[in-house]
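First up is the structure itself, then whatever we jot down about it.
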Amino acid sequence: MAFSERVSRLKSSLIREILAAAQRPEVMSFAGGLPAEAMLPKVEWADMPLSMGQYGMSEGEPALREALAAEARALGVPCEASQVLVVSGSQQTLDLAAKLYIDKGTEILLEAPTYLAALQIFQLFGADCITVPQEADGPNLPQLRARLEQHKPAFIYLIPTFQNPSAVRYSEAKRDAVAALLDEFGVTLIEDEPYRELTFDGGSATPIVSRLKKASWIYTGTVSKTLLPGLRVGYLIASPDLFPHLLKLKQSADLHTNRVGQWQALQWIGTEKFQQHLSELRDFYRVRRDAFQSALETHFSDLADWNVPQGGLFFWLTLKQPLDTRTLLKAALAADVAFMPGEPFFPDPDNHPGHLRLNFSHIDPARLDEGLKRLAAVVRQALVAEAA
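Numbering of the sequence shown is given in the working numbering, commencing with residue 754 and proceeding in unit increments.
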């Protein structure tokens, strides 16, 4: 068939395939980045105006754009509502950015590891993905400088607050240094912040875009991790030189983001009840994080190393004896446990064996210990087989 050239690069999403395989109720899943259903807030629709069922503005609802701009300014992001574009989940931001910047062979710069679905989009459009290693407090700065000196990336894509998959939160020093480098080399920053509000130690840091003096930027977030992922409401805020192009791309993609979801998001953002909900959410996930850490120490302390996440939804494990964790999936599912292999979070997965991403937010705590016990047994069996 006469498909487009890019279809040859189209890959299925491994995480979606795993989630589909894990639908059986007996499966204990650590695979997806799913919010806990117990913490999805109850929402009311009775007061929604009938007009919300009509076509809307491509930019988004004016009142919601104002609220999002106010929240961003409180974080230090220099913006007005005219720079806010409401999108169908922050995933759409990545699609629009890819359309704006990437032709086949375009160089872009990413953390290693990085968000799987971002990698999927960028590679679909033909990007040449250059990476910088992730450390416990952010990217390796000498290597970041070296990449910027040796290449001319169209943009750098970063998740500096509780990164998916590594859960890393950049230090203040790393944020300042990254901003300075991007200004020096004139590289556009795409800063993705879906997990910012899920902090367990009270710590925070202003976004990197707020520290830029010259470079262009796109800042993106979502209500999927704090309200309801089913609303499919996210946002991007862009420097004035980029916003008109992103708006035109949005117009050609879907006309406008669903107004029903926007209306519901507006009932929460900037309100006292939303702040109360966020406080309860942090407390809930902190308890689950702590229980997960305890179970990991019981079952994985001899198998892997990890840092305790200070926020977000994931633990990132590095096996002490590396093996391709993709080969563990069949045995894990046979044992009624699901996880996300670490290799696909790298542009060159075969060169990065030995990592697992485990979600702690969604699984029933009563099944947690048994699930990790079974997963550890699968890893041990694979290591024995490899050594034989």
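C-beta atoms are modelled at their ideal positions from N, C-alpha and C, and glycine is treated no differently.
Would you report the Cα separation of Phe-878 and Glu-758, rounded to the nearest angstrom? In a straight line, the C-alpha of Phe-878 is about 10 Å away from that of Glu-758.
For Phe-996, which residues of its own chain have a beta-carbon under 6 Å away from its beta-carbon, when the five flanking residues on both sides are left out? Excluding positions up to five away in sequence, the list reads Gln-836.
Rounded to a whole number of angstroms, what is the C-alpha to C-alpha distance between Ala-850 and Ala-1138? Looking at the two C-alpha atoms, the distance is approximately 44 Å.
Quick one, which of Ser-766, Gly-785, Ile-768, Pro-794 has its alpha-carbon nearest Phe-1159's? Residue 1159 cannot be examined here, being either before or after the span of the chain that is shown, 754 to 1141.
Host alpha helix (DSSP H) of Leu-729 (start-end): In the structure as shown, the chain begins at 754 and stops at 1141. Residue 729 is therefore absent and cannot be evaluated.
Among Arg-1120, Gln-1020, Val-986, His-1115, the one whose alpha carbon lies nearest that of Leu-787: For the residues Arg-1120, Gln-1020, Val-986, His-1115, the minimum Cα distance to Leu-787 belongs to His-1115.
Which residue from Ala-791, Glu-797, Ser-782, Lys-852 puts its Cα closest to that of Ser-1005? Selected option, being the one with the closest Cα: Lys-852.
When we look at the beta-carbon of Pro-947 and count the other beta-carbons within 10 Å, is it buried (16 or more) or exposed? Its Cβ being crowded by 16 or more others within 10 Å, Pro-947 is buried.
Determine the closest residue to Ile-768 out of Trp-1069, Gly-829, Glu-902, Arg-1110, with distance taken between C-alpha atoms. Here the closest residue by C-alpha is Arg-1110.
For Thr-846 and Val-840, believed in contact at Cβ under 8 Å, the rounded distance: Going by Cβ atoms, the distance from Val-840 to Thr-846 rounds to 5 Å, so yes, they are a contact pair.
Where are the beta strand (DSSP E) runs, 3 residues long or more, that stay fully inside the stretch 789 to 854, in chain order? Note on the stretch 789 to 854: whole beta strand (DSSP E) runs with a minimum of 3 residues are 837 to 840, in chain order.
Under three-state DSSP, which class holds Asn-1112? DSSP places Asn-1112 in strand when its eight states are reduced to three.
How big is the Cα-Cα spacing for Leu-911 and Leu-951? Spanning the two alpha carbons is a distance of roughly 17 Å.
Quick one: is Tyr-854 buried, meaning 16 or more other Cβ sit within 10 Å of its Cβ, or exposed? By the neighbour-count definition (other C-beta atoms within 10 Å, threshold 16), Tyr-854 is a buried residue.
Report buried or exposed for Thr-979, applying the criterion of at least 16 other Cβ atoms within 10 angstroms of its Cβ. By the neighbour-count rule (16 or more Cβ atoms within 10 Å), Thr-979 is buried.
Out of Glu-790, Lys-1073, Ile-874, Leu-1082, which one is the CA nearest neighbour of Asp-1058? Nearest to Asp-1058 by C-alpha distance, out of Glu-790, Lys-1073, Ile-874, Leu-1082, is Lys-1073.
Taking the alpha-carbon positions, what's the Gln-888 to Arg-1042 distance? The identity of residue 888 in the sequence shown is Glu, whereas the question assumes Gln. It is roughly 21 Å from the alpha-carbon of Glu-888 to the alpha-carbon of Arg-1042.
Whether Tyr-988 touches Leu-821 by CB criterion (8 Å): Contact annotation: Tyr-988 and Leu-821 have beta-carbon atoms nearer than 8 Å.
7 Å CB neighbourhood of Gly-1124 in its chain, flanking five on each side removed: Excluding its 5 nearest sequence neighbours in each direction, Gly-1124 has C-beta neighbours in its own chain below 7 Å: Met-781, Phe-783, Val-1090, Ile-1116, listed in chain order.
Cutting at 7 Å between CB atoms, please list the residues of its own chain near Ala-930, excluding the five before and the five after it. By the criterion of a C-beta distance shorter than 7 Å, Ala-930 is surrounded in its chain by Leu-894, once the five residues flanking it on both sides are discounted.
If distances are taken between C-alpha atoms only, which option among Ser-919, Gln-1015, Leu-1002, Glu-1033 comes closest to Met-1093? When only C-alpha atoms are compared, the closest one is Ser-919.
Report the residue from Trp-1021, His-1105, Glu-1050, Ser-1054 whose alpha carbon sits nearest the alpha carbon of Glu-797. Selected option, being the one with the closest Cα: Trp-1021.
DSSP has Asp-945 in a bridge; who is on the other side? Paired residue(s): Thr-973.
Proximity test, Ile-909 beta-carbon vs the ligand ZN heavy atom, cut-off 7 Å: Looking at this structure, you won't find the ligand ZN or any other ligand, since it has none at all.
Using 8 Å as the Cβ pair cut-off and three pairs as the minimum, do the stretch 1093 to 1103 and the stretch 967 to 987 touch? As far as the Cβ criterion goes, the stretch 1093 to 1103 does not touch the stretch 967 to 987, which means the pair count is below three.
Any idea if Lys-1142 is buried or exposed, counting beta-carbon neighbours within 10 angstroms, 16 or more meaning buried? Summary: the structure shown does not reach residue 1142, with the chain confined to residues 754 through 1141, and so no result is reported for it.
Among Pro-906, His-904, Ala-932, Lys-905, nearest to Pro-913 - alpha-carbon criterion: Looking only at Pro-906, His-904, Ala-932, Lys-905, the smallest Cα-Cα distance to Pro-913 is reached by Ala-932.
Report the three-state DSSP secondary structure of Asp-1058 (helix, strand or coil). When DSSP states are grouped into helix, strand and coil, Asp-1058 belongs to the strand group.
Gln-770: first and last residue of the uninterrupted alpha helix (DSSP H) it sits in: Note on residue identity: the sequence assigns Glu, not Gln, to residue 770. Counted as a single uninterrupted DSSP element, the alpha helix (DSSP H) harbouring Glu-770 occupies residues 767 to 774.
As a quick exercise: from Phe-953, Leu-1056, Glu-819, pick the residue whose alpha carbon is nearest that of Arg-1039. It is Phe-953.
Is it a yes or a no for the stretch 968 to 977 touching the stretch 935 to 944, going by three-plus beta-carbon pairs under 8 Å? Judged by pairs of C-beta atoms under 8 Å, the stretch 968 to 977 touches the stretch 935 to 944, as three or more such pairs exist.
Ordered along the chain, which non-local residues of its own chain (more than five positions away) have a Cβ less than 7 Å from that of Lys-966? Listed in chain order, the non-local C-beta contacts of Lys-966 below 7 Å within the same chain comprise Asp-936, local neighbours out to five positions each way being set aside.
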